[in-house]
């Protein structure tokens, strides 16, 4: 779990957009408090996938 979470944080940390930084901050706060639930993981995964889509298709996002 920690390796996956670390990889996840590294990937998000590489993104320069504010939403990804916000996601990283939320996860780091949860990790610091050591209270991570399954719903936190699912929520983070959804946010992560959305951030990846935003990074992948910035022109598409701007057109909307």
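In our numbering, the protein residues as written are 12 to 75. A virtual CB, placed ideally from N, CA and C, is assigned to each residue, including glycine.
query, result
"Measure how close the beta-carbons of residue 55 and residue 34 come, nearest whole angstrom, since I'm counting them as under 8 Å.", "6 Å"
"When the Cα atoms are used, what is the spatial distance from residue 63 to residue 57?", "10 Å"
"Indicate the three-state DSSP secondary structure (helix, strand or coil) for residue 17 in the structure shown.", "helix"
"Residue 41 and residue 51: beta carbons closer than 8 Å?", "yes"
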